[in-house]
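Below is one structure, written out as structure tokens; comments come after it.
Protein chains: 2
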Amino acid sequence: MPRPRSLTDDQLVAAALAVVDREGLAALTMRAVARELGVATMGLYRYVADRQALELLVVDHVFRAVDTSLPEAGWQERIRVLLDRMRVAVARHPAVVPLVLRHRQAAPGSLRLIETMLSVLTDGGLDGTDRVLAQRTLIGHLLGFLQNEHSAALSGPGTIVMSELAPDDYPLLARTAADARSVPPDEEFRRGLDIVLRGLSTT
Amino acid sequence: MPRPRSLTDDQLVAAALAVVDREGLAALTMRAVARELGVATMGLYRYVADRQALELLVVDHVFRAVDTSLPEAGWQERIRVLLDRMRVAVARHPAVVPLVLRHRQAAPGSLRLIETMLSVLTDGGLDGTDRVLAQRTLIGHLLGFLQNEHSAALSGPGTIVMSELAPDDYPLLARTAADARSVPPDEEFRRGLDIVLRGLSTT
DNA sequence: CTCCTTAGGAGTACGAAGTACGCTTACGTC
DNA sequence: GACGTAAGCGTACTTCGTACTCCTAAGGAG
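Take a look at the structure:
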């Protein structure tokens, strides 16, 4: 009956991601997104309650992009595939990592992923608090990895600085930082996840 | 020769923590900290370059409070003790978790902790990229746990909401969330860390 | 004891960001 | 073709971080 809305959620998210990908997370302001859409600043408030709601839309979109169909394989391999897809989905927009950490619990799209993870873990013979712990540990590992990667990538500047620290004060740190520079993110994630999965298997 | 500074770093940090503990992280503004110290807002800039520097002081203080002397025990047990001390140090000021995540790499006090961790891992027979991965995985686990705990504690409101989801749509999630409510944070951390340590041992 | 150096301290002000509020306008239905 | 409901816009207020300026006072050197 009334005038139909002229912007879809997808358009909002696309505009927000465009701003973030181009200018970084700090540039994600209501004004910037509105400008990106060719709309007045306050026009955005027709579609989202506030800035948090906009951020949540973005995070939800990232999670929804993850395919939850899994191959026929052992449960560890299926967990590996699922978590790696999540990692890759976030890595497509590196600057949104802090948003993902802040809003993942409130994003409906993440519930589907958790449910899928739980079904795989159940398949692996886990239940009760063991299943709770396994799921939390796996998600925690992903969150920790994203955080690590975002603020201190192994092959990034922080590692270089550490590798140049006075070896007298921090002998192992300087040495280890040098070793670290050759480990790419996907290898770091895969091998780290293998450690966790090994721990889950040998209960 | 000139007038000595009248505020110590410790006083700055104490004021900032007082504000954060009392009113939450969002209340941590230059104005609020200055008021807490009985000083003009701009007076703070005599002691810190900007707000980031103040946050860094806080994070560094949290890390410095961690005792790095370790008991005579197996390397896994020493790792457990060290990481649990880090967890407890942060848990004393729950609202600073986001600050810790943002600034840990830049806080000098964390270097000492990393160095200690590396020495224990070396004792456990790890070196090269294995040592890199072990250290990253353990720190990642801590960061992930802190993040989990901060934004979605197992015994918190988010879990309750999930346990009340439509069991038809999310059967495992609703069930698992109900199981989760009985797991206290320290148990979650200990058992999660055990999983990782098991994975590190059975290489 | 006095003076000089230098930091401490206060106040003002500006730009950026979130967002409340009220007016105008366009769409879909009768 | 008229009307009612939202859409869309512009203005303005509030809260922050922080640059700038001026004044004060501490404390050592003579």
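Sequence order for the protein chains is A and B.
Sequential numbering of the first sequence, starting at 25, is according to my numbering.
Sequential numbering of the second sequence, starting at 25, is according to my numbering.
Built from N, CA and C at the ideal position, the CB exists for glycine as well.
These numbers come from a predicted model, not from an experiment.
Nearest-angstrom Cα separation, counted from residue j out to residue i
i: B:E189; j: A:V44; result: This sequence places Leu at residue 189 of chain B; Glu is not what is there. Looking at the two C-alpha atoms, the distance is approximately 33 Å.
i: B:I184; j: B:S175; result: 13 Å
i: A:L150; j: B:V112; result: 29 Å
i: A:R75; j: A:A40; result: 11 Å
i: B:L81; j: A:D154; result: 39 Å
i: A:I138; j: B:V105; result: 30 Å
i: B:R29; j: B:L196; result: 59 Å
i: A:E50; j: B:A177; result: According to the sequence as given, residue 50 of chain A is Ala; it is not Glu. Cα to Cα, A:A50 sits roughly 27 Å from B:A177.
i: B:G216; j: B:L162; result: 11 Å
i: B:P181; j: B:Y194; result: 18 Å
i: B:L68; j: B:A42; result: 16 Å
i: B:A115; j: B:F213; result: 12 Å
i: B:M186; j: B:V37; result: 37 Å
i: B:R109; j: B:E211; result: 14 Å
i: A:A58; j: B:V72; result: 35 Å
i: B:S179; j: A:P191; result: 44 Å
i: A:L142; j: A:V90; result: 16 Å
i: A:R27; j: B:H127; result: 48 Å
i: A:R46; j: A:S225; result: 42 Å
i: A:E60; j: B:E60; result: 41 Å
i: B:T146; j: B:L31; result: 41 Å
i: B:H117; j: A:G62; result: 43 Å
i: A:D34; j: A:G148; result: 36 Å
Cβ-Cβ separation, residue j to residue i (assumed contact under 8 Å), whole Å
i: B:L94; j: B:V144; result: 7 Å
i: B:G152; j: A:L167; result: That pair is no contact at about 26 Å.
i: B:L257; j: B:L125; result: The first residue shown for chain B is 25 and the last is 227, placing residue 257 of chain B beyond what the model contains.
i: B:R136; j: B:T92; result: 6 Å
i: A:E173; j: A:P209; result: 6 Å
i: A:V220; j: B:I219; result: 6 Å
i: A:A97; j: A:G48; result: Actually they do not touch by this definition, with Cβ atoms about 38 Å apart.
Neighbour-count burial assignment, residue i, 16 or more Cβ in a 10 Å radius
i: A:G223; result: buried
i: A:A158; result: buried
i: B:T140; result: buried
i: B:G164; result: buried
i: B:R70; result: exposed
i: A:R160; result: buried
Legend entry - At least 3 beta-carbon pairs within less than 8 Å: the region 98 to 106 of chain A vs the region 51 to 61 of chain A: no
Legend entry - Touching by the beta-carbon criterion (3+ pairs, under 8 Å), the region 191 to 207 of chain A and the region 187 to 204 of chain B: no
Inset, instruction - Run through the region 57 to 134 of chain B for me and flag every whole alpha helix (DSSP H) of 4 or more residues, listed as ranges in chain order. - result: 75 to 88, 99 to 115, 121 to 127
Inset, instruction - Kindly confirm or deny that the region 128 to 139 of chain B and the region 73 to 91 of chain B touch, where touching means at least three C-beta pairs closer than 8 Å. - result: yes
Inset, instruction - Can you check the region 194 to 219 of chain B for any alpha helix (DSSP H) of at least 4 residues that lies completely inside it and give the ranges in chain order? - result: 195 to 204
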